[in-house]
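Quick notes on the structure that follows.
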Amino acid sequence: MSRKETILRAAKRTANEAKSAARKRSRGLIRSESEPHRHCVVCWAPIPLDSDPAVCGKRDCEETQKKREKSRKRLTVMMYLFPAIAIFFVILEIV
């Protein structure tokens, strides 16, 4: 058997393996027939797509999301405020 024939056989075998793997994957995707949805950012329960903010109706989840949002806003303000203050002091020292 020549080198060319060996390479050809290996290529055909690899192609067949790839085709069978693709078929298995497509079968798995067809079976999942769930409606489009998103998940609560706190407890990961499925919720409708149009819910904003992305939390379920539980009070604990709503409170946790409010705390996270408040903390995120505070961090954003600090990220802009502290460098601005540092630059202000540097400018004061130069002048």
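When you number the sequence shown by the numbering used here, it's gap-free, plus one each residue, and the end is 170.
Virtual Cβ for every residue (Gly too), placed ideally from N, Cα, C.
These numbers come from a predicted model, not from an experiment.
Evaluate residue i with the Cβ neighbour count: other Cβ atoms within 10 Å of its Cβ, from every protein chain shown; 16 or more gives buried, anything less gives exposed.
{"i": "residue 118", "result": "exposed"}
{"i": "residue 170", "result": "exposed"}
{"i": "residue 130", "result": "buried"}
DSSP three-state call for residue i: helix, strand or coil?
{"i": "residue 158", "result": "helix"}
For this session: Could you say if the stretch 150–158 and the stretch 120–140 meet the contact criterion of at least three C-beta pairs nearer than 8 Å?
Result: no
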